[in-house]
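Just so you know, we're using the working numbering here: the sequence shown kicks off at 14 and counts up by one.
Following: one structure in structure tokens, then a few remarks.
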Amino acid sequence: HPTISAFPRQYFYGGLLQDGDNVRQPTYAKMYHGLAPAFKPLVFWNLVSSREAMSSMSRTNPMEVKLAVNLYLTLRNSCPPDAIRGKVGVITPYAAQMDELKRAFTVACNGEFHHDVEINTVDGYQGREKDIIIRTCVTLLSTVRSDPRKGVGFLNDIRRMNVALTRAKFACYVLGSEAALQNSTPWAALLDHARGTGCLVNVPNPQENLFTLVPAPPGPPRGVVIPHNNPRHHPGGRGGSP
């Protein structure tokens, strides 16, 4: 969808890649784009209060897990089955978060989510796509306060960021903490883009009724510099934008 590809095309490729004519056809307009004011093809769901846990090997963020489940159930309960079933992917940078997501979806869906939702790591999704992608960032806000570089982990890996943002055909929902991610140059650029296009939604509680939320008002840009563009960042070696 052009709304999803707008940021990657500009940030990673300097506008050199163009959308195909097919993405402007009526078939690219989906009912979940207009479920409520907060629902658009690209949304950054900003968890205002975010608790995290960190083991010696990996990271989890239970607030993002709850929001991912809430978001999926909202879509499933509001759309025809053929619009959602088998067309949703949930991706995360960390294996521990993937395990937490699978446990939570098993409970929420009475053990029957495998045919409806595919949960995997960012690396596991390289070269593949789904109609709808829910991406949990697992930012460590508590760590950011003491060391901003550690708080975003390998979210600063620009290639993984590109992979994560270009797996969705029709809807890309990014779950994270603006307060933590603004310490990362590429993610600060995405946050600027999301705010400026009315695609950033503040979420006070991960189990909030998402229909009651509205996009945050635009804020002043951070003046993020776009890096030199490199086609090698494009995931899966594909030659076009999503």
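The beta-carbon is built from N, C-alpha and C at its ideal position, and this holds for glycine as well.
{"Check": "Look at D129 and I97 and say whether their C-beta atoms are less than 8 Å apart.", "Outcome": "yes"}
{"Check": "Please report how far the alpha carbon of E77 lies from the alpha carbon of A117, in whole angstroms.", "Outcome": "11 Å"}
{"Check": "To test your reading of the DSSP string, which unbroken beta strand (DSSP E) runs of 3 or more residues are found completely within the segment 68-133?", "Outcome": "101-105"}
{"Check": "Assuming contact is defined by CB atoms lying nearer than 8 Å, are K182 and D144 in contact in what I supplied?", "Outcome": "yes"}
{"Check": "Taking the DSSP output, what are the residues bridged to Y186?", "Outcome": "V56, I147"}
{"Check": "I need the DSSP call for L213, collapsed to helix, strand or coil.", "Outcome": "strand"}
{"Check": "Compare the C-alpha of K100 against each of L55, Y85, V61 and name the closest.", "Outcome": "Y85"}
{"Check": "Give the secondary structure of P228 by DSSP, where H, G and I count as helix, E and B as strand, and everything else as coil.", "Outcome": "strand"}
{"Check": "Between which two residues does the alpha helix (DSSP H) holding Y41 run?", "Outcome": "Careful: Y41 lies outside any alpha helix (DSSP H) and carries neither H nor E."}
{"Check": "What is the C-beta distance between P54 and N175, in whole angstroms, given that I count them as a contact (C-beta under 8 Å)?", "Outcome": "The Cβ separation is near 17 Å, so there is no contact."}
{"Check": "Considering only their Cβ atoms, is the gap separating P228 from L60 smaller than 8 Å?", "Outcome": "no"}
{"Check": "Cβ atoms of T152 and S190: under 8 Å apart, would you say?", "Outcome": "yes"}
{"Check": "Taking the straight line between their C-alpha atoms, what separation do you get for T134 and P231?", "Outcome": "31 Å"}
{"Check": "Note down the Cα distance separating F52 from T149, rounded to an integer number of angstroms.", "Outcome": "17 Å"}
{"Check": "Can you tell me the Cα-Cα spacing of W200 and P106, whole angstroms?", "Outcome": "14 Å"}
{"Check": "Rounding to the nearest angstrom, what Cα-Cα distance links D95 and V214 in this structure?", "Outcome": "27 Å"}
{"Check": "Cutting at 7 Å between CB atoms, please list the residues of its own chain near C212, excluding the five before and the five after it.", "Outcome": "K53, L55, V56, F57, P228"}
{"Check": "Looking at L194 and L256, is the spacing between their C-beta atoms short of 8 Å?", "Outcome": "With the chain covering 14 to 255 only, the question about residue 256 has no answer from this structure."}
{"Check": "V216 and L88 - do their beta-carbons sit closer together than 8 Å?", "Outcome": "no"}
{"Check": "Which of helix, strand or coil does DSSP assign to A181?", "Outcome": "strand"}
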